[in-house]
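Visitor:
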Amino acid sequence: MAKEECIFQWDKSRDTSTLRNRNICPPAKQKYSVSPVSKDKTSPTAGRLLEDDTQSWNGSASSSSPRARGRDDSPAKVGLMLVVGLSFATRLYKIAEPPHVCWDETHFGKMGSYYINRTFFFDVHPPLGKMLIGLAGYVTGYDGSFPFVKPGDKYDHHNYWGMRGFCAILGSFLPVFAYLIVQELSQSLTAALITATLLIFDTGCITISQYILLDPILMFFIMGAVLSMVKFNQQRCSPFSASWWLWLLLCGINLAGALGVKFVGLFVILLVGLSTVWDLWELLGDLNLSLMDFAKHFLARVVGLILLPLFLYITIFAAHFVVLNKSGPGDGFFSSAFQSRLIGNNLHNASMPEYLAYGSIITVKNLRIAGGYLHSHWHLYPEGAGAKQQQVTTYLHKDQNNLWLVHKQDDDSQSGTPDLVRHGDIVRLEHKETTRNLHSHLHQAPLTKKHFQVTGYGANGTGDANDLWKVEVCGGRKGDLVKVLRSKVRFLHKATGCVLYSSGKTLPKWGWEQVEVTCSPYLKETSSSQWNIEDHINPKLPNISLSVLKPSFLEILLESHIVMIRGNSGLKPKDNEMNSKPWHWPINYQGLRFSGVNETEYRVYLLGNPVVWWINLASLGLYLIMVAVAAVVVQRGFSLGKERTEHSRVLKGGGGLLLLGWLLHYAPFFIMGRVLYYHHYFPAMLFSSMLTGMTLDIFLRSTNLLLHPPYSDWLQKGGLTVLFFSVLYSFYLFHPLSYGMTGPLAHEAGSAMFGLKWMDSWEF
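Counting in numbering that gives the first Met the number 0, the sequence shown runs from 0 upward without gaps.
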């Protein structure tokens, strides 16, 4: 069945202006020959664009014999080999330059090292991308010892090229995948070559593929999913065949990969989901298909596109938790129970006094996911943020400034075994480092204005009545003991009646971007107002084992996702931090500095090839105009002719899919509250470039509407020549942005980029 063609049956509907196009696949054992190519280059029987190789470079079959098919496929194969060679050459060139940390290699290179060292960390993205980076480093001889402290740090003898090379190899597949996708959707070699040229010679795509980043890994899986989906749809005439199952399962694997690298992978899942729903709707309307067969199609897609990706996604996290089994910098983002499973954490196989007592040194952790530890430091609140007293916050990392002493309301003298703290007791918490008491009063909190401010007040444990807090065990009764780690505790302020609360809001730089602590007058029990005692030091009390705290896999899976989601929502723009707006991206308004700021440094600047990006932008408008014109012509009852009908089908079908992909990967950023950067547009840019290839190909082949052959052919070839020359010459001018510059800056006459700062917003 792989070589059989679908027969498109066109039926008149009741509305004479509408045609119904239904796919009818031949029986499995029946042989069908492909209709010969007519002079108008269109075969409606085959339902695809079949053109002469000498006129449009297409590799479509013009004969049913394998020998003829092999001859006709040769231009497409040669084109594919050319695309592969150029793509890998442009991405792997100078892969080891510069030999120092560039931009976000600080983060993702360090996280790769954490996997090699099996050290637990926290990141707002799912783990697959960092796991693959760590694996690439490990198999190429990197030992995980480089600290990745800041951009500009020299790699020296450390083997970093393996991680860069892995990302570059995946990035090299992007033009190849785009070539294959466009060729399948349009059946035009010209459209596929235009697309591949735009991506191969885009300086932005090259730059973002050459460093230790998540973006090339994410885009590899996104494009892999789209290619698999398109290939799967091409197998509609041979359902449940080996190739049909192969592309279905590959699509599911790539969907899991995309989501496993970044949550942005949800956009391609939505694209595949919408395409699948439409496909099933078409199958439901096929009266030649029984309901039992439709149910088989439905279940196959559930298995391949839902259950398989879900299983693989969960497996990624299972491997993540198994590998990262040692305590590290991410511990404090997670609950006490989560931390108890990490080797080296003070809670792992720990023993400590079971019940809270006066005179103990403790840490107090908020039960809100990523709520942090109750924390204070010597810095004061600034003017306008309540009373100018010592700051109290929650802090996500373990620190000496998280330690507090538990005192009785009045006298704290102890002899022998200390008294235990009970539900309803009045206590005073003294910050161990600064000796100031946990304090609240009727001043407004700095960010949550309906709450009261919480401060550190007094000296050497001496304060006033506003330092007293009532301990309340959630669900407890008067006299119940406070269990370390297991009791949910609230602290009610005795003077005002409010409750100690972590708002989850990030303080400005004056608060070291830690989390605001308030005293809430709203007494409803929530995780933000609940705390547990984590560390408990009291040598006068016996210790017990706390191994019973270890959570189940499903519990840590759920907790890790809540922490990641809250971490993403907390990525707000900071003061004076460079970020960009979504409307900047399609116009190539501003790039990103990857490395270097002066003439003595090796400078790399992430910026798209301006000719490529502006052609993409213009082609979006051209596509909409062409589709609108075709729709108006059909609506007015004019005949488009066989060739124009095929062009219209390709634009609406394949072009519509690519436009939807662009919108899904671009439009959601307009409603995101998190900090945004230029590199977030690159997945959408891939779809835009594929749409450009398809649009320009059909636009140039429509020149015969204005001119008769051979003049129309000359105009078409001339347009392609100008297009390819413009892209290549622009790449020649701007390639130093990708491959690095030294010496004079762009505004100086001796610079390689002199005179090329076409927009004032470019900062190279």
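Glycine included, each C-beta is placed from N, C-alpha and C at the ideal position.
Because the structure is a prediction, the values reported are computed rather than measured.
Alpha carbon to alpha carbon, what distance is there between G256 and N287?
Guide: Sequence index remark: in the sequence shown, residue 287 carries index 288 (1-based). Sequence index remark: in the sequence shown, residue 256 carries index 257 (1-based). Cα to Cα, N287 sits roughly 36 Å from G256.
Visitor: Just the C-alpha distance for F220 and N253, rounded to the nearest angstrom, thanks.
Guide: Working through the sequence shown from its first residue, we reach residue 220 at position 221. Working through the sequence shown from its first residue, we reach residue 253 at position 254. Near 5 Å, if we compare the C-alpha coordinates of N253 and F220.
Visitor: Is it the case that the Cβ atoms of L304 and V271 are separated by a distance below 9 Å?
Guide: Here the question's residue 304 lines up with position 305 in the sequence shown. Here the question's residue 271 lines up with position 272 in the sequence shown. Closer than 9 Å, so yes.
Visitor: Does DSSP put Y154 in a helix, a strand or coil?
Guide: The residue you call residue 154 lines up with position 155 of the sequence shown. Residue state, collapsed to three classes: coil.
Visitor: If we count the other Cβ atoms within 10 Å of its Cβ and call it buried at 16 or more, is V391 buried or exposed?
Guide: Locating residue 391 in the sequence shown gives position 392, where the first residue counts as 1. Burial call: buried.
Visitor: Within the chosen definition, does the segment 221-237 reach the segment 189-196 through at least 3 CB pairs nearer than 8 Å?
Guide: Segments in contact, no.
Visitor: Let me make sure I understand the geometry here. Which of P609, G140, L258 has the alpha-carbon closest to that of I216?
Guide: Walking along the sequence shown from the start, residue 216 turns up at place 217. Nearest C-alpha to I216: L258.
Visitor: Looking at L79 and V181, is the spacing between their C-beta atoms short of 9 Å?
Guide: Locating residue 181 in the sequence shown gives position 182, where the first residue counts as 1. Locating residue 79 in the sequence shown gives position 80, where the first residue counts as 1. No. Outside cutoff.
Visitor: Check for me: the beta strand (DSSP E) holding I305 runs from which residue to which?
Guide: Residue numbering aside, residue 305 sits at position 306 when the sequence shown is read from its first letter. Segment: none, I305 is in no beta strand (DSSP E) and carries neither H nor E.
Visitor: Taking the beta strand (DSSP E) that C518 falls in, what are its first and last residues?
Guide: As a working mapping, residue 518 is identified with position 519 in the sequence shown. First-last of the beta strand (DSSP E) with C518: 514-519.
Visitor: K756 to T720, Cα distance in whole Å?
Guide: As a working mapping, residue 756 is identified with position 757 in the sequence shown. As a working mapping, residue 720 is identified with position 721 in the sequence shown. Those two C-alpha atoms are separated by around 26 Å.
Visitor: Under 8 Å by Cβ, that's how I've got A683 and H707 pegged, so tell me the actual separation to the nearest angstrom.
Guide: The residue labelled residue 683 in the question sits at position 684 within the sequence shown. The residue labelled residue 707 in the question sits at position 708 within the sequence shown. Their Cβ separation, rounded to whole angstroms, is 39 Å, which puts A683 and H707 out of contact at 8 Å.
Visitor: Going by DSSP, what residue range makes up the alpha helix (DSSP H) through S227?
Guide: The residue given as residue 227 occupies position 228 in the sequence shown. Element bounds for S227: 214-232.
Visitor: According to DSSP, is F679 part of a helix, a strand, or is it coil?
Guide: If you number the sequence shown from 1, residue 679 lands on position 680. Before going on, a small fix: residue 679 reads as His here, not Phe. Residue state, collapsed to three classes: helix.
Visitor: Could you check if N542 is buried or exposed, using at least 16 other CB atoms within 10 Å of its CB as the buried criterion?
Guide: Reading the sequence shown from its first residue, position 543 is the one you call residue 542. Exposed is the call here.
Visitor: Going by DSSP in three states, P352 sits in which element: helix, strand or coil?
Guide: Position 353 of the sequence shown, counted from the first residue, corresponds to residue 352. Strand, per DSSP.
Visitor: Hey, could you find the ends of the alpha helix (DSSP H) S559 is sitting in?
Guide: Taking the sequence shown and counting its residues from 1, one reaches residue 559 at position 560. Here the alpha helix (DSSP H) through S559 covers 552-568.
Visitor: Can you tell me whether E96 is helix, strand or coil according to DSSP?
Guide: Your numbering for residue 96 matches position 97 in the sequence shown. Reduced to three states, the DSSP call for E96 is coil.
Visitor: Quick one, which of Q233, W509, S359, L341 has its alpha-carbon nearest L540's?
Guide: As a first step, residue 540 must be located in the sequence shown, where it is residue number 541. Selected option, being the one with the closest Cα: S359.
Visitor: Which residue marks the beginning of the beta strand (DSSP E) containing G503, and which one marks its end?
Guide: Within the sequence shown, the letter at position 504 stands for residue 503. Here the beta strand (DSSP E) through G503 covers 498-505.
Visitor: From the DSSP output, in three-state form, read off R485 for me.
Guide: Residue mapping note: residue 485 aligns to position 486 of the sequence shown, counting from 1. Reduced to three states, the DSSP call for R485 is coil.
Visitor: Checking 9 Å against the spacing of the C-beta atoms, do D201 and V603 come in under that value?
Guide: Reading the sequence shown from its first residue, position 202 is the one you call residue 201. Reading the sequence shown from its first residue, position 604 is the one you call residue 603. For D201 and V603, no; Cβs fall outside 9 Å.
Visitor: Measure from the alpha carbon of S528 to the alpha carbon of each residue in L545, S171, V488, then state which is nearest.
Guide: Along the sequence shown, read from residue 1 onward, the residue named residue 528 stands at position 529. When each option's Cα is compared against that of S528, the closest is V488.
Visitor: Quick one: using the 10 Å Cβ neighbour count with 16 as the cut-off for buried, is T461 buried or exposed?
Guide: Residue numbering aside, residue 461 sits at position 462 when the sequence shown is read from its first letter. Exposed, because fewer than 16 other Cβ atoms sit within 10 Å of the Cβ of T461.
Visitor: Measuring CB to CB, does F763 end up less than 9 Å from A745?
Guide: Position 764 of the sequence shown, counting from 1, holds the residue named residue 763. Position 746 of the sequence shown, counting from 1, holds the residue named residue 745. Going by C-beta atoms, F763 is nearer than 9 Å to A745.
Visitor: Alpha carbon to alpha carbon, how far is E642 from V633? Give it in angstroms, no decimals.
Guide: As a first step, residue 633 is located in the sequence shown; it is residue number 634 there, counting from the start. As a first step, residue 642 is located in the sequence shown; it is residue number 643 there, counting from the start. Rounded to whole angstroms, V633 to E642 spans 14 Å at the Cα level.
Visitor: Near D330, which residues of its chain fall below 7 Å by C-beta distance, leaving aside the five closest residues on each side in sequence?
Guide: Along the sequence shown, read from residue 1 onward, the residue named residue 330 stands at position 331. Result list for D330: F119, Q338, L341, N344, K397, in chain order.
Visitor: Quick one: using the 10 Å Cβ neighbour count with 16 as the cut-off for buried, is D142 buried or exposed?
Guide: To locate residue 142, count along the sequence shown from 1; it is residue 143. Its Cβ having fewer than 16 others within 10 Å, D142 is exposed.
Visitor: Rounded to the nearest angstrom, what separates V405 and N436 at their Cα positions?
Guide: Counted from its first residue, the sequence shown places residue 405 at position 406. Counted from its first residue, the sequence shown places residue 436 at position 437. The straight-line gap from Cα to Cα measures roughly 10 Å.
Visitor: My output table needs one value for N459: the three-state DSSP class, helix, strand or coil.
Guide: As a first step, residue 459 must be located in the sequence shown, where it is residue number 460. N459: coil per DSSP, three-state reduction.
Visitor: Could you give the first and the last residue of the continuous beta strand (DSSP E) run that contains E471?
Guide: Taking the first residue of the sequence shown as position 1, residue 471 is located at position 472. From DSSP, the beta strand (DSSP E) with E471 extends over 468-472.
Visitor: Using only the alpha-carbon positions, how far apart do D122 and L616 sit?
Guide: Here the question's residue 122 lines up with position 123 in the sequence shown. Here the question's residue 616 lines up with position 617 in the sequence shown. About 34 Å.
Visitor: Classify T447 as helix, strand or coil using the three-state DSSP reduction.
Guide: Translated into positions along the sequence shown, residue 447 becomes position 448. Note: T447 maps to coil in three-state DSSP.
Visitor: In angstroms, rounded to a whole number, what distance separates the CA positions of N587 and W277?
Guide: Walking along the sequence shown from the start, residue 587 turns up at place 588. Walking along the sequence shown from the start, residue 277 turns up at place 278. About 34 Å.
Visitor: Going by Cα to Cα distance, which pick from E558, E471, C497 is closest to W530?
Guide: For the purposes of this step, residue 530 is taken as residue 531 along the sequence shown, with counting starting at 1. The shortest C-alpha separation from W530 is found at E471.
Visitor: Could you say which of T505, G84, T454 lies nearest to A195 if we only look at CA atoms?
Guide: Within the sequence shown, the letter at position 196 stands for residue 195. The option with the nearest alpha carbon to A195 is G84.
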